[in-house]
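Participant:
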Amino acid sequence: METSRKVFAYITRGEEHNRELLVFEYKGEPEVGLQVPGGTIGEDELLIDALYREVKEETGLPRDVLEFVGKIHKYNYYPAHKDKAYERNIFHFEYTGEKIDEFEHTIKSEGRDNGLIVQYRWEPIEGLPKLAADQDEAIELLEY
1 METSRKVFAY
11 ITRGEEHNRE
21 LLVFEYKGEP
31 EVGLQVPGGT
41 IGEDELLIDA
51 LYREVKEETG
61 LPRDVLEFVG
71 KIHKYNYYPA
81 HKDKAYERNI
91 FHFEYTGEKI
101 DEFEHTIKSE
111 GRDNGLIVQY
121 RWEPIEGLPK
131 LAADQDEAIE
141 LLEY
């Protein structure tokens, strides 16, 4: 079985019971589902480099508004419709920039998502809607 290595970023803001998670949907494609920034780790790419690259490509947010909190989980994900495993490495960042409730971003990457428009918004972690492809698997591991 083939394995693909992935990184995901749980970007949060707010204090304790008011904490929110940055999520997105592809513009015009709500059926794809609600997601968090993330993507594939390149063949010779370091995990941390892939994490920052994916966050920049998918959100456009600069590093100086993201405080690195740490790695919160690593597990293998086996989608039912593929003979493939995904090693998921999930990290936590705290957003420290100015308050923006929602924004659009055009992905700039060398991947198949290049040019796609994503719509970002903040969702309360308490009562968080289900994320696509079990991307919310480690939400309960976020520190409050």
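When we follow the UniProt record's numbering, the leftmost residue of the sequence shown carries the number 1, and every step to the right adds one. Cβ atoms here follow ideal geometry from the backbone N, Cα and C, with glycine treated the same way. Since we're looking at a predicted model, the values are computed, not measured.
(1) From the DSSP output, in three-state form, read off Val-32 for me.
(2) Alpha carbon to alpha carbon, what distance is there between Ala-132 and Gln-35?
(3) If you draw a straight line from the alpha carbon of Ile-48 to that of Pro-37, how long is it in whole angstroms?
(4) Give the straight-line distance between the Cα atoms of Lys-71 and Val-23, rounded to the nearest whole angstrom.
(5) Mind reading off the beta-carbon distance from Ile-11 to Leu-51? Whole number of angstroms is fine, and I expect it under 8 angstroms.
(6) For Glu-57, which residues from the same chain have a beta carbon less than 7 angstroms from its beta carbon, with the 5 sequence-adjacent residues on both sides left out?
(7) Buried or exposed: where does His-92 fall if 16 or more other Cβ atoms within 10 Å of its Cβ makes it buried?
(8) Looking only at C-alpha atoms, which of Tyr-120, Leu-128, Asp-83 and Lys-74 sits nearest to Arg-5?
(9) Would you mind reading off the limits of the alpha helix (DSSP H) that contains residue 146?
(10) Could you name the residues that DSSP lists as bridge partners for Ile-11?
(11) Please classify Thr-59 as buried or exposed, where buried requires at least 16 other C-beta atoms within 10 Å of its C-beta.
(12) Quick check: the region 115-128 against the region 87-105, are at least 3 beta-carbon pairs closer than 8 angstroms?
(13) Measuring only between beta-carbons, confirm whether His-105 sits less than 8 angstroms from chain C.
(14) Are the beta-carbon atoms of Arg-19 and Tyr-95 separated by less than 8 angstroms?
Facilitator: The structure says:
(1) helix
(2) 6 angstroms
(3) 14 angstroms
(4) Answer to the nearest angstrom: the Cα atoms are 18 angstroms apart.
(5) Not quite, the Cβ-Cβ distance comes to about 11 angstroms (not below 8 angstroms), so this is no contact.
(6) Ile-107, Lys-108 and Ser-109
(7) buried
(8) The residue with the shortest Cα to Cα distance from Arg-5 is Lys-74.
(9) Summary: the structure shown does not reach residue 146, with the chain confined to residues 1 through 144, and so no result is reported for it.
(10) Phe-93
(11) buried
(12) yes
(13) In the structure shown, chain C does not exist; there is a single protein chain.
(14) no
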